[in-house]
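Undergrad: Got a structure for you, questions after.
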Amino acid sequence: MCGIVAYLGTREAPPILIEGLKRLDYRGYDSAGVVVIKGGGLVVRRSVGRIAALEEKLDAQIAGARVGMAHTRWATHGAPTEGNAHPHRDASGRLAIVHNGIIENYRVLKQYLETQGITMESQTDTEVLAKLIGHFYEGNLEDAVRRALRESRGTFGIAAIHADEPNKIVAARRGSPLIVGVGDAEYIIASDAAAIVQHTSQVIYLADNEVAIVTPEGFKTTNLEATPVDKHVDELEYTLEQLELGGHQHFMSKEIFEQPESLRTCMRGRIDLDDSRVVLGGLTSVARELINTKRIILTACGTAWHAGLVGEYLIEELARIPCETEYASEFRYRNPVIDFGTTVLAISQSGETIDTLAASREGRDKGALVLGIVNAVGSTIARETDAGVYLHVGPEIGVASTKAFTGQVAVLAMLAGFLGRRRHLSHERLHEYLEALAGIPEKIAHTLNLNNQCRHIAADFVNSENWLYLGRGIQYPVALEGALKLKEISYIHAEGLPAAEMKHGPIALISEDMPVVVLAPRGHWYDKSVGNIEEVRSRGGRVIAVATEGDTEIQHIAEHVLYVPDVPELLGPLVTVIPLQMLAYHAAVLRGCDVDKPRNLAKAVTVE
Ligand code: G6P
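See the structure below:
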């Protein structure tokens, strides 16, 4: 989703801005633009499509500037055209802004501006905001920005410059992330740490309704009423290497293969096998309240929602606490019943998904204990929740989530163990479970050997336009996740189902053109899953089974078998999801799709 990069310093701004935009391009966008202050005025260049198209427009007129801003736009209001691309200017043409988010009352503001004789050139809400700031401008940019934002409803991360104050950038946020990187005699403001990390590891995370003003003399932060706000300078967790491909063709492949290591980091220091306990430092302050919770609502979107479904099984089974997993977008709007003793658990890789954030606020406003399971350190959900657990799986760049999913499941598995012991699990049973959990990275490393076989299977079915994924019990969410991975990146239609539901309709679809992936690891759902394979076979369907190593029987009924190592049933999703990630990856590569940047998708959905 939209990206912002702004630079003020002693170096040439345009290359830094373009490099920054490229670091953000994994988030998804459809047009891009840049503005600099030069020769006493603004120079703007915009283009539709990839950043490379914008780069071609960077001529001598723009070169050499020391202050500028750039933006990648993911269209919400108005089509992805050059005219709608950011930056947008005020009526004087001397003020420009870049903006992420949505100004919800832009129509009213636009009508007001029109009565003042100010007309719009684009269909965007952003241009309205730019013109409003310009309308209020009386020689001091931060005053005008604050005043306009006080009139604005909705979400924003913005950066603004004015040619009359050529050594200043004003940035502000509400709902959309914005980070100020503090370098050596320079500032890089961006919507994502990925655009900052190569310049500095010192950052300031702006909170909602805060404004940062940077000049060569330093920075200051205020709220929208101009009251100064003291901010810490934090250390970034990212390293530059984590943002490179490291020999892989795509970030998705790199991230799939990173999973043994990312899970080791995720669990490091949190599983104490000597004392058979789980140590989740981020929950210490709320441990008592959490242990006594009567009900847990897990809320999330997309892949994180699938992880939540796995978590529901784990927590109910190990801790016997009633759980419900809710789509954040539904939960936030349906006036949910949250009674005393409810815990809301918001799960999000980015920590910025607007629906998940709103769902956690709904929980907070209704008095629940609100926890976050988040990957991006310092993100909004991480900061707004009462307490939480970071995934620590490193930055995830591929739009299709892989290592964040296994990280989320691993954190939920640790949480289930933590709660289980305090509820009813014996010391021995917890020890056995934790030992198996700590051994999962090894099992995943072994599972990654299926890569070639997955490539062959994907090649075999690459022209099939419909796939079905079936799973039972704790493997049902894995079926959903496998189907989501395939459709996201290869644009093949895929559906995930609880296996028994197939009989209630989808069975009508079965034919030899329909690959059916059946999750059938050993466990108490095994016989029933084999029954489902038979049903598919007898209707001419072609089955790809994911089964436990040593299960030779299943070879007789499934056309392909992907063997995964034997792990306890409750931890099964952590290994069975791996071949499904690889199948989707190879199908997308074989179909020539842009694996890391699938069409129409964004890495973090920060608008509704
Ligand atoms: C987008 C991404 C998905 C992701 C979902 C939730 O739709 O494309 O991959 O699962 O958002 O994102 P979050 O950052 O909250 O986990």
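Residues 0 to 607 in numbering that gives the first Met the number 0 are what the sequence shown lists, from first letter to last.
All residues carry an ideal CB built from backbone N, CA and C; glycine is no exception.
Taking Cβ positions, are Ala345 and Thr292 nearer each other than 9 Å?
TA: No, the Cβ-Cβ distance between Ala345 and Thr292 is not below 9 Å.
Undergrad: Just how far apart, CA to CA, sit Ser489 and Glu500?
TA: Answer to the nearest angstrom: the Cα atoms are 25 Å apart.
Undergrad: At a cut-off of 8 Å, is Cys300 close to ligand 1 when judged by its beta-carbon and the heavy atoms of the ligand?
TA: Yes, ligand 1 has a heavy atom inside 8 Å of this Cβ.
Undergrad: How many Å lie between Glu185 and Val127 at the Cα?
TA: Each residue's alpha carbon lies about 30 Å from the other.
Undergrad: Three Cβ pairs or more, each shorter than 8 Å: is that satisfied between the stretch 478 to 489 and the stretch 426 to 439?
TA: No, they do not touch.
Undergrad: Which runs of the alpha helix (DSSP H) spanning at least 4 residues fall entirely within the stretch 239 to 297, listed in chain order?
TA: List check, alpha helix (DSSP H) in window: 250 to 256, 258 to 266, 286 to 290.
Undergrad: Is Thr80 near ligand 1, in the sense that its beta carbon is under 8 Å from a heavy atom of that ligand?
TA: Thr80 Cβ: outside cutoff for every heavy atom of ligand 1.
Undergrad: Less than 8 Å between the CB of Glu351 and some heavy atom of ligand 1, yes or no?
TA: Yes - ligand 1 has a heavy atom lying nearer than 8 Å to the Cβ of Glu351.
Undergrad: Can you tell me whether Asp274 is buried or exposed, with buried defined as 16 or more other CB within 10 angstroms of its CB?
TA: Asp274 is exposed by the Cβ-count criterion.
Undergrad: For Val309, I'd like the list of residues in its chain whose CB is within less than 7 Å of its CB, leaving aside the five on either flank, ordered along the chain.
TA: Excluding positions up to five away in sequence, the list reads Val408, Leu411, Ile473, Pro476, Pro572.
Undergrad: Under 8 Å from any heavy atom of ligand 1, does the C-beta of Thr355 make it?
TA: Checking every heavy atom of ligand 1 against the Cβ of Thr355, one is found closer than 8 Å.
Undergrad: What is the DSSP secondary structure of His426, reduced to helix, strand or coil?
TA: Residue state, collapsed to three classes: helix.
Undergrad: What does the Cβ neighbour count give for Gln580, buried or exposed, with the cut at 16 atoms within 10 Å?
TA: So Gln580 counts as buried.
Undergrad: Is the stretch 558 to 569 touching the stretch 537 to 550, taking contact as three or more C-beta pairs under 8 Å?
TA: Touching, per the Cβ criterion.
Undergrad: I want to know whether the stretch 358 to 365 touches the stretch 392 to 407 - three or more CB-CB distances under 8 Å.
TA: No: the two stretches stay apart, fewer than three of their Cβ pairs being nearer than 8 Å.
Undergrad: Can you tell me whether Lys602 sits near ligand 1, meaning its C-beta is under 8 Å from at least one heavy atom of the ligand?
TA: Checking every heavy atom of ligand 1 against the Cβ of Lys602, one is found closer than 8 Å.
Undergrad: Comparing alpha-carbon positions, which option in Ala147, Glu533, His492 lies nearest Gly498?
TA: Looking at the sequence shown, residue 498 is not Gly but Ala. Measuring from the Cα of Ala498, the nearest candidate turns out to be Glu533.
Undergrad: Residues bridged to Thr547 by DSSP?
TA: DSSP output for Thr547 lists Val563 as bridge partner(s).
Undergrad: Starting from Glu113 and walking both ways along the alpha helix (DSSP H), at which residues does that stretch end?
TA: Per DSSP, Glu113 belongs to the alpha helix (DSSP H) from 105 to 114.
Undergrad: Would you please state the rounded distance, in angstroms, between the beta carbons of Ala189 and Ile178? I believe it to be under 8 Å.
TA: Right, their Cβ atoms sit about 6 Å apart.
Undergrad: Tell whether a beta-carbon distance below 9 Å holds between Ala52 and Ala31.
TA: A contact, by the Cβ cut-off of 9 Å.
Undergrad: For the alpha helix (DSSP H) that contains Tyr312, what are its first and last residues?
TA: It spans 301 to 318 - the alpha helix (DSSP H) in which Tyr312 sits, taken as one unbroken run.
Undergrad: Check whether the Cβ atoms of Gly281 and Tyr204 lie closer than 9 Å to each other.
TA: Cβ atoms of Gly281 and Tyr204: not closer than 9 Å.
Undergrad: When we look at the beta-carbon of Ala159 and count the other beta-carbons within 10 Å, is it buried (16 or more) or exposed?
TA: Label assigned to Ala159: buried.
Undergrad: In this structure, how does DSSP classify Val515 when only helix, strand and coil are distinguished?
TA: In the structure shown, Val515 sits in a strand (DSSP, three-state: E or B).
Undergrad: Please tell me whether Glu607 and Asp207 are closer than 9 Å, where the distance is taken between their beta carbons.
TA: For Glu607 and Asp207, no; Cβs fall outside 9 Å.
Undergrad: In the structure shown, what three-state DSSP assignment does Thr384 receive?
TA: Three-state DSSP puts Thr384 in coil, outside helix and strand.
Undergrad: Am I right that Gly153 and Ile195 are in contact with their C-beta atoms under 8 Å? What's the rounded C-beta distance?
TA: In fact, because the Cβ distance is near 25 Å, the residues do not count as touching under 8 Å.
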